[in-house]
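>
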Amino acid sequence: MTATIAPAAVLRLPQRAPEATRRGDLPEWGDDPGRPRNGSTLARPAERRSPRLRGGSRRGPERHALPRRGVPRGRDEVERRHTERLASAKDGLGFWAGFVDGEFAGWWLLEATPDDARGPAEVGYRLLPAFWGRGLASEGAAALLDHGFRRLDLPKIFAETMAVNTASRAVMSRLGMRHVATRGEGAVGAVEGSAQGVVDYVITHAEWLAGRGRPAAVERGIAQPFTGEQIAGTMVTVGSSDPDWPRQYRSAAADLLAALGARITAIEHIGSTAVPGLVAKPIIDIAARAAPGVDPFSLHDAIDALGYRPHTAGPKNHAVFVKSAGSERSHLLHVFADDQWDTCNQRLFRDKLLHDESARRRYAELKVALASSATDGKQYTAGKRALVEELLHEEQAARGLPSPPPGRNRRQRRCAPSALRNGASPYRGRMRHLLRLDDLRPDDLGALFELADAYRQGAGPTTTGAAALFFPATSLRTRVSFERGAALMGLQPISFPPETLDKPESLDDVAGYLAAWVDVLVVRHPDLRVLEGLAESDAIPIVNAMTDDNHPCEVLSDLYALAQTRDPRRLRFLFVGADGNIARAWAEAARAFDLDLVQCCPERLATAGVAWTDDLPSAVARADVILTDSPGAHGEELEAFRITGALLDRAPSGVQLAPCPPFQRGREVGLDALASPAFVGYAFKATLLPVQQAVLARSLGLG
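Sequence positions in the sequence shown follow this note's numbering and run 80 to 782.
#1: Report the option in PRO193, LEU445 and PHE575 whose CA atom is closest to the CA atom of ALA359.
#2: Within 10 angstroms of the Cβ of HIS434, are there 16 or more other Cβ atoms? Answer buried if so, exposed if not.
#3: Between the stretch 662–669 and the stretch 632–649, can you find at least three pairs of beta-carbon atoms closer than 8 Å?
#4: For the candidate residues LEU215, THR626 and LEU736, whose alpha-carbon lies nearest to that of ASP606?
#5: Quick one: residues in its chain with C-beta nearer than 6 Å to the C-beta of ALA657, no 5 flanking neighbours on either side, listed in chain order?
#6: Could you check what DSSP says for PHE720 in three-state terms: helix, strand or coil?
#7: Could you give the C-beta distance for ALA773 and TYR534, rounded to a whole number, given that I count them as a contact under 8 Å?
#8: For LYS402, is the classification buried or exposed, using 16 other Cβ atoms within 10 angstroms of its Cβ as the cut-off for buried?
#9: Starting from TRP665, trace the alpha helix (DSSP H) in both directions and tell me its first and last residue.
#10: Below 6 Å CB to CB, which residues in the same chain sit around LEU519 once its five sequence neighbours on both sides are set aside?
#11: Use the C-beta contact count for SER273: other C-beta atoms within 10 angstroms, 16 or more gives buried, fewer gives exposed.
#12: Within 10 angstroms of its Cβ, does PRO631 collect 16 or more other Cβ (buried), or is it exposed?
#13: List, from N- to C-terminal side, the beta strand (DSSP E) runs of 3 residues or more that fit wholly inside the stretch 722–764.
#14: Quick one: any contact between the stretch 722–729 and the stretch 510–527, if contact means 3 or more CB pairs under 8 Å?
#15: If you draw a straight line from the C-alpha of PHE652 to the C-alpha of VAL677, how long is it?
#16: Look at the Cβ atom of GLY171, then the Cβ atom of ARG230, and state whether they are nearer than 8 Å.
#17: Please determine whether the Cβ atom of LEU727 lies at a distance below 7 Å from any heavy atom of the ligand FAD.
#18: Give a yes or no on whether the C-beta atoms belonging to HIS512 and PRO620 are separated by under 8 Å.
#19: Evaluate PHE575 with the Cβ neighbour count: other Cβ atoms within 10 Å of its Cβ, from every protein chain shown; 16 or more gives buried, anything less gives exposed.
#20: Across the stretch 247–261 and the stretch 278–287, are there enough close Cβ pairs to call them in contact, namely three or more that are closer than 8 Å?
#21: Tell me which residues share the same chain as LEU750 and place their Cβ nearer than 8 Å to its Cβ, disregarding the 5 neighbours each side in the sequence.
#22: Go ahead and pull the three-state DSSP assignment for ASP581.
#23: List the residues that DSSP assigns as beta-bridge partners of ASN629.
#24: Please list, in chain order, all residues of the same chain as GLY733 whose beta carbon is under 8 Å from its beta carbon, the five residues on each side excluded.
#25: Do ARG439 and VAL354 come within 8 Å of each other at the CB atom, strictly closer than that value?
#26: Measuring only the C-alpha atoms, how far is GLU436 from ARG426?
#27: Measuring alpha carbon to alpha carbon, tell me which of ILE362, VAL243, PHE228 and THR245 ends up nearest PHE237.
#28: Terminal residues of the continuous beta strand (DSSP E) containing MET241?
#29: What does the Cβ neighbour count give for LEU555, buried or exposed, with the cut at 16 atoms within 10 Å?
#30: Go to GLU218, then tell me how far its alpha helix (DSSP H) extends in each direction, as first and last residue.
#31: How would you call GLN643, buried or exposed, if buried means at least 16 neighbouring beta carbons within 10 angstroms?
#32: Closer than 8 Å is the cut-off here; do at least three beta carbon pairs connect the stretch 610–618 with the stretch 460–471?
#33: Return the CA-CA distance between TYR204 and ALA698, expressed in angstroms with no decimal places.
#34: Assuming GLY219 and GLY177 are in contact, meaning their beta carbons sit under 8 Å apart, how far apart are those beta carbons, in whole angstroms?
#35: Buried or exposed: which applies to GLY525, given that a residue is buried once 16 or more other Cβ atoms fall within 10 Å of its Cβ?
#36: In three-state terms, what does DSSP make of HIS472?
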């Protein structure tokens with residue numbers, strides 16, 4: 080019997096080997112499922128009973144072949160159930176069989192569940208033991224999640240497994256699925272651990288599109304983002320390219336030319352609506368070149384009758400005027416001085432998108448994800464900044480143009496930071512603000528570490544100027560190393576308590592005024608949104624010295640210390656502790672730099688999107704680097720997750736223990752563990768000084 084799955088689907092399923100990320104190994108939909116292929120293939124099953132289903136002896140309690148509720152099913156029941164499933168396959172849902180080099184590896188399902196309150200479809204799989212440990216389970220399931228959300232537009236997909244099945248639960252966590260329920264605890268079953276019950280995991284369409292848990296899918300080419308008609312976040316809506324946008328531009332341009340006459344010498348369509356096929360907010364962006372001697376900011380009277388109003392919160396290096404239709408913006412007019420026209424970022428970025436298909440695709444994917452997850456327009460814009468700067472830098476380099484620090488404009492040059500006034504080297508990298516580690520790229524990390532090496536040797540670049548530091552009185556290591564590092568570089572440290580930023584004053588204004596007197600802001604504040612608000616103005620570099628969401632400099636210093644003797648990308652990292660700013664910072668690093676990271680803690684304390692286990696001895700036995708964090712309010716729950724000397728004895732030779740300070744001896748880390756050669760805490764934290772100097776230097780364009 081064959082499954083009837085419409086449309087027929089063949090998925091080429093990458094394995095974890097480096098060569099598996101080649102473009103030819105990505106999912107391919109709609110191909111002939113009967114045609115044999117080389118490599119790994121996920122296709123419709125040709126037989127009702129696979130070798131896996133013919134005998135139950137190869138099932139192991141540690142893998143996905145576990146019976147769901149702890150009661151083994153007989154062969155007759157298995158055959159009946161799978162016959163029903165195969166017969167019900169329709170509308171793009173059903174079974175896929177997987178093959179590796181022509182050999183059957185197992186099957187995957189995306190099954191319709193119309194009467195299940197948990198969702199309209201369930202994802203699952205079974206693999207032959209010979210194919211365990213290759214990442215096939217996660218990658219095949221990720222491809223089916225993408226199929227369900229991108230192709231079938233399902234609102235939600237769920238999965239279930241036994242609570243004791245840690246391997247299956249780790250796969251669900253890697254896919255970005257959330258644990259939402261545990262059922263049937265206390266029930267007696269034939270499989271060890273069945274009394275712990277069954278767990279349900281869920282992921283929604285919006286979460287998948289927003290990128291929750293997707294580095295293993297999108298970045299490795301297993302899934303492609305949604306490119307449908309419209310995606311709306313809380314405050315941001317983007318839609319497919321509208322063929323009427325060019326006409327709308329031509330109509331608006333004709334009106335502006337008539338109103339402004341000889342005061343402008345050129346007018347062009349810019350922004351996403353100027354790029355055919357690109358998803359965009361339905362706003363027509365227009366660029367105009369002011370005639371020599373004409374102040375762009377003086378044109379508002381001439382276009383007021385057309386409905387254009389000055390955009391008082393817009394950029395300060397050129398004039399921006401907004402036109403609205405009802406409560407929604409419909410047009411943005413950017414007017415540049417005559418000498419700005421040939422190098423203005425808006426025109427360069429448009430041209431990059433027009434001629435570079437890869438850049439256009441990356442930008443479209445990012446916009447769709449941000450539109451699903453951003454809570455407001457500022458967050459949407461901030462989320463695009465790193466990629467926009469990267470693509471602009473490429474276009475400027477291709478044209479032989481300098482790449483100045485973003486935000487340096489005609490008005491700001493009057494009060495430019497002293498590092499630039501005194502002849503510091505021009506900005507050469509993409510990094511200006513450091514808010515999150517996944518804003519960085521691997522080559523940014525290399526540049527930072529090269530600078531840190533120079534500072535350790537006393538040969539790092541110096542400057543003159545000042546750094547405003549916002550730290551609470553309780554801050555110790557991060558504050559001392561930032562203040563000392565700034566002073567050694569030639570920056571005068573000026574300290575404030577973080578509450579200074581909580582006044583009822585626009586953060587744009589705070590950054591704008593401080594830019595006249597200091598060169599960089601180093602901020603430790605509970606709310607990451609405060610730092611994002613400061614960075615949004617782009618008036619001055621912002622460095623995150625810790626928030627309740629993350630702690631990038633802490634993790635960078637640990638990675639730098641490791642890199643002195645080992646390649647962090649080849650290490651297995653184990654984070655022992657609850658979700659919090661340190662766990663999330665390591666999750667950012669894992670995404671940005673392709674690190675192998677596993678979190679060990681009670682499941683309800685796990686960090687979304689991170690591989691998870693609660694089996695501490697087994698996790699330690701495979702870890703090269705063990706990281707911990709203060710248990711905070713979870714001390715009782717995490718007591719069983721204390722790192723001890725006995726546990727370290729199970730770890731591989733050369734394991735390194737790097738607890739995040741402040742820690743209490745004997746609490747998250749046992750006294751015997753701290754006395755072992757594995758403890759590297761003091762040596763690792765000594766690197767805070769050169770690493771944070773390197774961060775300051777990169778933000779200032781000194782290297």
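Each residue gets a CB set at the ideal place from its N, CA and C atoms; glycine is no exception.
From the atom records:
#1: The shortest Cα separation from ALA359 among PRO193, LEU445 and PHE575 belongs to LEU445.
#2: So HIS434 ends up on the exposed side.
#3: Touching, yes, given that three or more Cβ pairs across the two stretches are closer than 8 Å.
#4: Looking at the Cα atoms, THR626 is the closest of the given residues.
#5: Within the same chain, ALA657 has close Cβ partners CYS680, LEU684 and HIS713.
#6: Collapsing the DSSP output to three states places PHE720 in a helix.
#7: Going by Cβ atoms, the distance from ALA773 to TYR534 rounds to 6 Å, so yes, they are a contact pair.
#8: The residue is buried, with at least 16 neighbouring Cβ atoms inside 10 Å.
#9: Start and end: 660–672.
#10: Here the set comprises ALA671.
#11: Of the residues assessed, SER273 falls on the buried side of the cut-off, its CB having 16 or more other CB atoms within 10 angstroms.
#12: Buried.
#13: The qualifying runs are 735–738.
#14: Touching, no, given that fewer than three Cβ pairs across the two stretches are closer than 8 Å.
#15: In a straight line, the C-alpha of PHE652 is about 6 Å away from that of VAL677.
#16: Taking C-beta atoms as the reference points, GLY171 and ARG230 count as a pair closer than 8 Å.
#17: This structure lacks the ligand FAD; in fact it carries no ligand of any kind.
#18: Against a cut-off of 8 Å, the Cβ pair of PRO620 and HIS512 comes out as a contact.
#19: In the assembly as shown, PHE575 is an exposed residue. Its beta-carbon has fewer than 16 other beta-carbons within 10 Å.
#20: Result yes; three or more Cβ-Cβ pairs closer than 8 Å.
#21: If you ignore the 5 residues before and after LEU750, its C-beta comes within less than 8 Å of the C-beta of ARG744, all in its own chain and listed in chain order.
#22: In this structure, ASP581 counts as helix in the three-state DSSP scheme.
#23: When DSSP reads this structure, ASN629 sits in no beta bridge, so it has no partner.
#24: Here the set comprises ASP703.
#25: Cβ atoms of VAL354 and ARG439: closer than 8 Å.
#26: Their Cα atoms are separated by approximately 17 Å.
#27: Ranked by how close their Cα comes to the Cα of PHE237, the residues ILE362, VAL243, PHE228 and THR245 have PHE228 in first place.
#28: Its beta strand (DSSP E) spans residues 235–241.
#29: Exposed is the call here.
#30: For GLU218, the uninterrupted alpha helix (DSSP H) segment begins and ends at 215–225.
#31: Label assigned to GLN643: exposed.
#32: Contact check between the stretch 610–618 and the stretch 460–471: three or more CB pairs, one atom from each, fall below 8 Å, which counts as touching.
#33: TYR204 and ALA698: Cα-Cα distance of roughly 24 Å.
#34: Contact between GLY219 and GLY177 holds, with the beta-carbon distance rounding to 6 Å and staying under 8 Å.
#35: A residue is called buried once 16 or more other Cβ atoms fall within 10 Å of its Cβ, and GLY525, having fewer, is exposed.
#36: In the three-state DSSP reduction, HIS472 falls in the helix class (H, G or I).
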